[in-house]
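Asks:
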Amino acid sequence: QTRSLLGVFEEDAAAISNYINQLFQAMHRIYDAQNELSAATHLTSKLLKEYEKQRFPLGGDDEVMTSTLQQFAKVIDELSSCHAVLSTQLADAMMFPITQFKERDLKEILTLKEVFQIASNDHDAAITRYSRLSKRRENEKIKAEVTEDVYTSRKKQHQTMMHYFCALNTLQYKKKISLLEPLLGYMQAQISFFKMGSENLTEQLEEFLTNIGTSVQNVRREMDCEVENMQQTIEDLEVASDPLYLPDPDPTKFPAHRNLTRKAGYLNARNKTGLVSSSWERQFYFTQGGNLMSQARGDVAGGLVMDIDNCSVMAVDCEDRRYCFQITSFDGKKSSILQAESKKDYEEWICTINNISKQIYLSENPEEIAARVNQSALEAVTPSPSFQQRHESMRPTVQSRPPAARTSSTGSLGSDSAALSALSLDSLVAPDTPIQFDIISPVSEDVPGQAKSAGQSGRRTNPFGESGGSKPETEDSILHQLFIVRFLGSMEVKSDESPDVVYETMRQILAARAIHNVFRMTESHLLVTCDCLKLIDPQTQVTRLRFPLPSVVLYATHQENKRLFGFVLRTSGGRVESHQTSICYIFESNNEGEKICDSVGLAKQIAFHAELDRKASEKQKEIDRVKEKQQKELNKQKQIEKDLEEQSRLIAASSRSNQSSAEGQFVVLSSSQSEDSDLGEDGKKKRESE
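By my numbering, the letter at position 64 of the sequence shown is numbered 64, and the numbering carries on one by one without gaps.
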C-alpha cells in the first residue's frame with residue numbers, strides 16, 4: 001500500500017513540475033517582452049532627440065518638425081521610465097516566487113527521490129546477502145558484518161523515506177502558493193503602471209496630439225495630389241516609350257549609330273568558374289575616354305575593366321548565345337567576352353570600341369572624324385576601274401584641262417605617281433577577287449592553297465604532349481612557337497614578290513569587313529615549326545589548316561598597326577588549272593605581328609640549313625657507299641690472289657711427291673709406245689683415250 005500510494009504522489013509531483021515549467025516560460029516571455037518594450041521605448045526617445053542632428057540630402061532645416069519631435073521625445077521618455085518601473089516590479093513580484101519554487105522546491109523533490117531510490121537498492125542488496133548466510137557453518141565475523149550492514153541500510157532507508165514523504169506532503173501547499181503569489185504580483189505591477197500613465201497624460205498633451213493629427217491630414221492631402229500628377233506623367237511616358245520595350249527592335253526603324261565614341265548600357269559579362277564551366281553576370285558598362293568601365297548594382301562609382309586604346313574587338317560564338325563579342329587588350333594579356341541585348345546595341349558597341357581603339361575620341365569633333373573614317377572605309381571597297389578605263393582617264397585631253405590654270409611640277413608628279421600606284425594595284429590584286437572571311441577546313445571543302453596530306457587535316461593534337469599511336473610530324477622539329485591569332489580573311493593575289501601585296505590585301509580585307517559589317521573573327525592558335533604553319537582550334541586541339549613552310553614565299557607586318565600580319569602561300573591549282581596561284585592570308589595578333597614574322601623567318605632559316613645539312617649528309621653517305629664498294633672489290637681481289645697462291649703451293653707440293661714415280665712411269669710409257677707402234681693407228685687412239 002505504501003509503495004502504491006508513493007507512486008500516486010510521485011505522479012502528481014511530475015505533473016506539477018511539468019505545468020510549472022510551462023507557466024514559468026509564459027511568465028518569462030511577459031518579463032522579456034516588457035524589458036524589450038522598455039528598451040525600445042527608450043531607444044525611440046533617444047532617436048527622436050537626435051533628429052535635429054541629422055542631415056538629410058533632400059530635406060532642409062524644418063524647425064516645426066524638429067520642435068514637434070522633441071515634444072514627442074519628452075513624452076515617450078516619461079513612458080519609458082514607467083515601463084522600466086513595471087519591469088522591475090515584474091521581476092520582484094512575479095518572476096522571483098515562481099523561480100524559487102521551480103529551482104528550489106521541485107529540485108528538492110527530485111533529489112530526495114534519487115536518494116530514496118539509492119537507499120532502497122542498498123537495503124535490498126543487504127537483505128540478499130543476509131539471506132545467503134549458511135546454516136551449517138557459521139562465521140561469526142561475517143555474520144556480524146552482514147547484520148551490521150542490514151541494520152545500517154534499513155535505518156538509512158527509513159530516515160530517507162520519512163524526509164521524502166514529508167517533502168511530498170508539503171509540495172501540495174507550496175503548489176498553491178507558487179501559483180497565486182506570481183499572479184498577484186503581476187496584477188499589482190500592472191495597476192501601478194496604469195496609474196502612472198494616467199498621471200502623465202494630461203489635457204495639455206491631448207490638445208497637442210489633436211493639432212498633430214490635423215497636420216498629418218493636411219500632409220496626406222498634398223501627397224494624394226502629387227501622386228495623381230505623377231500617375232498622369234507615368235501614363236504619358238508609357239505611351240511614348242512603348243517601342244523601347246522590345247528587347248531587339250527592328251533595325252530598319254532604329255538603325256545603329258556607327259560614329260559613336262561614347263556608349264553606355266547593360267551587358268552580360270562571362271566569368272569562367274572552372275575548366276569548362278562559366279557564369280554570366282549582368283552589369284552596367286560605359287566608356288570613359290579610352291577606358292571601359294563597369295558598375296555593379298548598388299556601387300557608388302564604376303570600376304576599370306580594360307584599357308581599350310589600341311584594343312581589338314570581334315564577334316564570337318559563345319555557349320549558343322546571341323550578340324556576343326570579345327574585347328582583347330593591346331598587349332593580349334586581358335580579354336573579356338560580353339553579350340548585348342539587341343543587334344542594334346551589339347553593332348553600336350563594336351563600332352564604338354573600334355572608334356575608341358583608333359583614339360578618335362581625343363579629337364575636337366570625334367563623331368565627325370569617325371564618320372569620315374567610316375566613309376573612307378566605304379570608299380575603299382568600291383569596285384576599281386579596269387586597266388583600260390584607268391588608261392583612258394590618264395590620257396590628257398584639251399576639254400578636261402582648265403583653261404587658265406597651270407599646275408606645278410610637284411603637283412603633276414604627285415598625280416602621275418598616284419596614277420601609277422593605282423595602276424600597279426592591278427598587278428598585285430586582281431579586280432573583283434572574292435574575299436574569304438571564314439576558315440574552311442580542308443576536310444569539308446578543297447580550298448586553294450591548302451596541301452592536303454594524309455593524316456594531317458582534321459587531326460587532333462594531344463594538348464598534354466603524350467604520344468599516341470602515331471608519331472606527330474612536328475615531334476622532331478627544333479622550333480615550336482605558339483601564337484594567338486584571329487583570322488581576318490584571305491584572297492588570291494597576282495604577285496608574291498613585294499610586301500606591298502600584303503599591305504594592299506590588308507587594306508581591302510579591312511575595308512570589306514567595315515562595309516559589310518563583318519565583325520566575326522575566328523580565334524586560333526598559330527603553331528610555327530620548321531616544317532609548316534598550323535592553325536589549331538584552341539578548344540578541340542584539331543588542326544584547322546596546315547601551310548607547308550616551303551610554300552610560304554612572303555610574309556610581312558603592317559607598317560603602322562603591328563598587330564596585323566599576313567603571308568602569301570604559293571600552291572598549284574586555282575582558277576586556271578596546271579598553274580601556280582598565290583593566296584594571301586591576313587591575321588590579327590595580340591600585338592605580336594613582328595614576333596610572328598621573325599619566328600617564320602627563323603623557321604625558314606632553320607629549314608634551309610637543315611636542307612643543306614641533309615644534302616651534305618646524303619652526299620657524304622654516297623661517298624661512303626662508293627668507298628665501301630671499292631673496299632669490297634679490293635678485298636675480293638685480295639681473296640682471289642690468296643686463293644691462287646694457295647693453289648700454287650698445293651700444285652708444287654703434289655709435283656714433288658710425284659717426281660719419284662715419274663721415272664718408272666717413263667719406262668712403262670716407252671714400252672707402251674713400242675706396243676702402240678705395233679697396234680697401228682686404231683690402237684694408238686684407243687690407248688690415248690685410255
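By construction, the Cβ of each residue, glycine as well, lies at the ideal position given by its N, Cα and C atoms.
Since the structure is predicted, the reported quantities are computational estimates derived from the model, not experimental observations.
Taking only three categories from DSSP, how would you classify V568?
Replies: Position 568 of the sequence shown, counting from 1, holds the residue named residue 568. V568 falls in the strand class under three-state DSSP.
Asks: Quick one: using the 10 Å Cβ neighbour count with 16 as the cut-off for buried, is I608 buried or exposed?
Replies: On the sequence shown, residue 608 is found 608 positions in, with the first residue counted as 1. A quick correction: the sequence has Phe, not Ile, at residue 608. That one is exposed.
Asks: Taking buried to mean at least 16 other C-beta atoms within 10 Å of its own C-beta, is Q188 buried or exposed?
Replies: Here residue 188 refers to the residue found at position 188 of the sequence shown. Counting Cβ neighbours within 10 Å, Q188 comes out exposed, since fewer than 16 surround it.
Asks: In this structure, what does DSSP give as the bridge partners for N691?
Replies: This structure cannot speak to residue 691, because the chain is shown only from 1 to 690.
Asks: In whole angstroms, what separates the C-alpha of L292 from that of G302?
Replies: One-based indexing of the sequence shown puts residue 292 at position 292. One-based indexing of the sequence shown puts residue 302 at position 302. Across the structure, L292 and G302 are spaced so that their CA atoms are roughly 10 Å apart.
Asks: With H, G and I counted as helix, E and B as strand and the rest as coil, what does DSSP make of R136?
Replies: For the purposes of this step, residue 136 is taken as the residue at position 136 of the sequence shown. Coil.
Asks: Alpha carbon to alpha carbon, how far is A14 from A119?
Replies: By 1-based counting over the sequence shown, the position of residue 14 is 14. By 1-based counting over the sequence shown, the position of residue 119 is 119. Rounded to the nearest angstrom, the two C-alpha atoms are 21 Å apart.
Asks: Taking DSSP's pairing of strands, which residues face R282 in a bridge?
Replies: For the purposes of this step, residue 282 is taken as the residue at position 282 of the sequence shown. Answer is N268.
Asks: Taking Cβ to Cβ, would you say D496 is nearer than 7 Å to S572?
Replies: For the purposes of this step, residue 496 is identified with residue 496 of the sequence shown, where counting begins at 1. For the purposes of this step, residue 572 is identified with residue 572 of the sequence shown, where counting begins at 1. S572 sits away from D496, with the two beta carbons spaced by 7 Å or more.
Asks: Report yes if the C-beta distance between K344 and P247 is below 7 Å; otherwise report no.
Replies: The residue labelled residue 344 in the question sits at position 344 within the sequence shown. The residue labelled residue 247 in the question sits at position 247 within the sequence shown. No.
Asks: Please return the same chain residues whose Cβ sits closer than 6 Å to the Cβ of S412, not counting the five positions on each side in sequence.
Replies: By 1-based counting over the sequence shown, the position of residue 412 is 412. With a pLDDT of only 32 at S412, under 50, the local geometry of the prediction cannot be trusted, and the value read off the model is given with reservation. Excluding positions up to five away in sequence, the list is empty.
Asks: Distance, Cα to Cα, C311 vs S329?
Replies: The sequence position of residue 311 within the sequence shown is 311, counting from 1. The sequence position of residue 329 within the sequence shown is 329, counting from 1. Near 5 Å, if we compare the C-alpha coordinates of S329 and C311.
Asks: Specify the secondary structure class of R575 as computed by DSSP and reduced to three states.
Replies: Numbered from its first residue, the sequence shown carries residue 575 at position 575. Any reading at R575 must be qualified, since the residue scores a pLDDT of 48, below 50, and its modelled position is unreliable; no value is offered.
Asks: One question on the structure: do I360 and I369 come within less than 7 Å of each other, judged by their Cβ atoms?
Replies: The residue you call residue 360 lines up with position 360 of the sequence shown. The residue you call residue 369 lines up with position 369 of the sequence shown. In this structure, I360 places its C-beta atom within 7 Å of the C-beta atom of I369.
Asks: Decide if F56 is buried, meaning its Cβ has at least 16 other Cβ atoms within 10 Å, or exposed.
Replies: Within the sequence shown, residue 56 is the residue found at index 56, counting from 1. It is exposed - the Cβ of F56 has fewer than 16 other Cβ atoms within 10 Å.
Asks: Can you give me the C-alpha to C-alpha distance between S655 and K615, rounded to a whole angstrom?
Replies: Reading the sequence shown from its first residue, position 655 is the one you call residue 655. Reading the sequence shown from its first residue, position 615 is the one you call residue 615. When rounded, the distance between both Cα atoms is 60 Å.
Asks: Does V600 pass the burial test, meaning 16 or more other C-beta atoms within 10 Å, or should it be called exposed?
Replies: In the sequence shown, counting from the first residue as 1, residue 600 sits at position 600. Buried is the call here.
Asks: Which residues does DSSP list as the beta-bridge partners of G489?
Replies: As a position in the sequence shown, residue 489 is number 489, starting the count at 1. DSSP lists I586 as partners of G489.
Asks: So, is Q508 buried or exposed, given that buried needs 16 or more other C-beta atoms within 10 angstroms?
Replies: For the purposes of this step, residue 508 is taken as residue 508 along the sequence shown, with counting starting at 1. It counts as buried.
Asks: Report the option in Q639, P499, K534 and A610 whose CA atom is closest to the CA atom of C584.
Replies: Within the sequence shown, the letter at position 584 stands for residue 584. The shortest Cα separation from C584 among Q639, P499, K534 and A610 belongs to P499.
Asks: So what's T68 in DSSP terms, helix, strand or just coil?
Replies: Here residue 68 corresponds to residue number 68 of the sequence shown, with the count starting at 1. Helix, per DSSP.
Asks: Does the separation of the CB atoms of P366 and T522 fall below 7 Å?
Replies: Against the sequence shown, residue 366 aligns to sequence position 366. Against the sequence shown, residue 522 aligns to sequence position 522. No. Outside cutoff.
Asks: Could you give the distance in angstroms between the alpha-carbon of Y245 and the alpha-carbon of T273?
Replies: Position 245 of the sequence shown, counted from the first residue, corresponds to residue 245. Position 273 of the sequence shown, counted from the first residue, corresponds to residue 273. Taking the straight line from one Cα to the other gives about 33 Å.
Asks: Determine, using beta-carbon pairs with one atom in the segment 80-90 and one in the segment 37-45, whether at least three such pairs fall under 8 Å.
Replies: yes
Asks: Tell me the rounded alpha-carbon separation between F483 and D598.
Replies: Looking up residue 483 in the sequence shown gives position 483. Looking up residue 598 in the sequence shown gives position 598. Spanning the alpha carbons of F483 and D598 requires a straight line of approximately 12 Å.
Asks: Measuring only the C-alpha atoms, how far is A126 from E138?
Replies: Indexing the sequence shown from 1 puts residue 126 at position 126. Indexing the sequence shown from 1 puts residue 138 at position 138. Taking the straight line joining both Cα atoms gives about 18 Å.
Asks: Is the CB-CB distance between W349 and K253 below 7 Å?
Replies: Numbered from its first residue, the sequence shown carries residue 349 at position 349. Numbered from its first residue, the sequence shown carries residue 253 at position 253. In this structure, K253 does not lie closer than 7 Å to W349 by Cβ.
Asks: Closest by CA to Q326, which one among C318, D320 and V313?
Replies: One-based indexing of the sequence shown puts residue 326 at position 326. Of C318, D320 and V313, the residue nearest in Cα terms is V313.
Asks: Looking only at its own chain, which residues have a Cβ that is under 6 Å from the Cβ of R258, when we skip the five neighbours before and after it?
Replies: Counting from 1 along the sequence shown, the entry for residue 258 is found at position 258. Taking C-beta separations shorter than 6 Å and ignoring five residues to either side along the sequence, the partners of R258 in its chain run C351 and N374, following chain order.
Asks: Would you list the residues sitting across from M306 in a DSSP beta bridge?
Replies: Within the sequence shown, numbered from 1, the residue matching residue 306 stands at position 306. Bridge partners of M306: L292.
Asks: Whole angstroms is fine: what's the gap from E228's alpha carbon to L237's?
Replies: Your numbering for residue 228 matches position 228 in the sequence shown. Your numbering for residue 237 matches position 237 in the sequence shown. About 15 Å.
Asks: Alpha carbons only, please: which of M65, R570, I439 and K174 is nearest the one belonging to G489?
Replies: As a working note, residue 489 is residue 489 in the sequence shown. G489 has its Cα closest to that of I439, out of M65, R570, I439 and K174.
Asks: Answer yes or no: do L479 and T529 have a C-beta to C-beta separation smaller than 7 Å?
Replies: The residue labelled residue 479 in the question sits at position 479 within the sequence shown. The residue labelled residue 529 in the question sits at position 529 within the sequence shown. Cβ distance < 7 Å, so L479 and T529 count as in contact.
Asks: Under 8 Å, with one C-beta from each stretch per pair, do the segment 109-119 and the segment 151-164 reach the 3-pair mark?
Replies: yes
Asks: Closer than 6 Å by C-beta to L179: which residues in its own chain qualify, once you throw out the five before and the five after it? Chain order, please.
Replies: As a working mapping, residue 179 is identified with position 179 in the sequence shown. None.
Asks: Exposed or buried, which one is Q559 when buried takes at least 16 other CB atoms within 10 Å?
Replies: Position 559 of the sequence shown, counting from 1, holds the residue named residue 559. The residue in question, Q559, is exposed, as its Cβ has fewer than 16 Cβ neighbours within 10 Å.
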